[in-house]
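Residue numbers (our numbering): 74 to 157.
Just so you know, even glycine gets a beta-carbon here, dropped at the ideal spot from N, CA and C.
Quick caveat: nothing in here was measured; it's all calculated off a predicted structure.
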Amino acid sequence: MTKFIAILIGLGALANSAIAMGERAVEVDANGDGVMTVDEVQAVYPDITAEVFAEVDTNNDGVLDDDEMIMGLEKGLVPSPSDG
Ligand SMILES: [Ca+2]
Ligand SMILES: [Ca+2]
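So, in structure tokens, the structure goes:
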């Protein structure tokens, strides 16, 4: 998940929580295959419904990759850990 962390560090506004978010990303990708399924996402973010997941899954392949997760965070669809 080094790529995910590097992207987050590149987002200046989110730099303060980059380490925490990187840790959370690892938690979300429970099996470490580099993508996040709806089951993996809901295990960490129970509030994310299938509809929200589909909205974040912009290429509609049924899983979230790093770029989609970043976009979801930026759009506020995926709550950041700092939101409590
Ligand atoms: Ca996974
Ligand atoms: Ca996708």
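Say the cut is 7 Å; is the CB of residue i nearer than that to a heavy atom of ligand 2?
i, result
"GLU100", "no"
"GLU113", "no"
Just to check, is the beta-carbon of residue i closer than 7 Å to a non-hydrogen atom of ligand 1?
i, result
"MET109", "yes"
"ALA116", "no"
"ALA123", "no"
"ALA103", "yes"
"ASP106", "yes"
Based on DSSP bridge pairs, tell me the residues matched to residue i.
i, result
"LEU137", "MET109"
For residue i and residue j, which I take to be in contact (beta-carbon distance under 8 Å), what is that distance rounded to the nearest angstrom?
i, j, result
"VAL108", "VAL136", "4 Å"
"PHE126", "VAL117", "12 Å between Cβ atoms; not a contact."
### Task
Anything with a beta carbon under 6 Å from a heavy atom of ligand 2 counts; list them all in chain order.
ASP130, ASN132, ASP134, VAL136, LEU137, ASP138, GLU141
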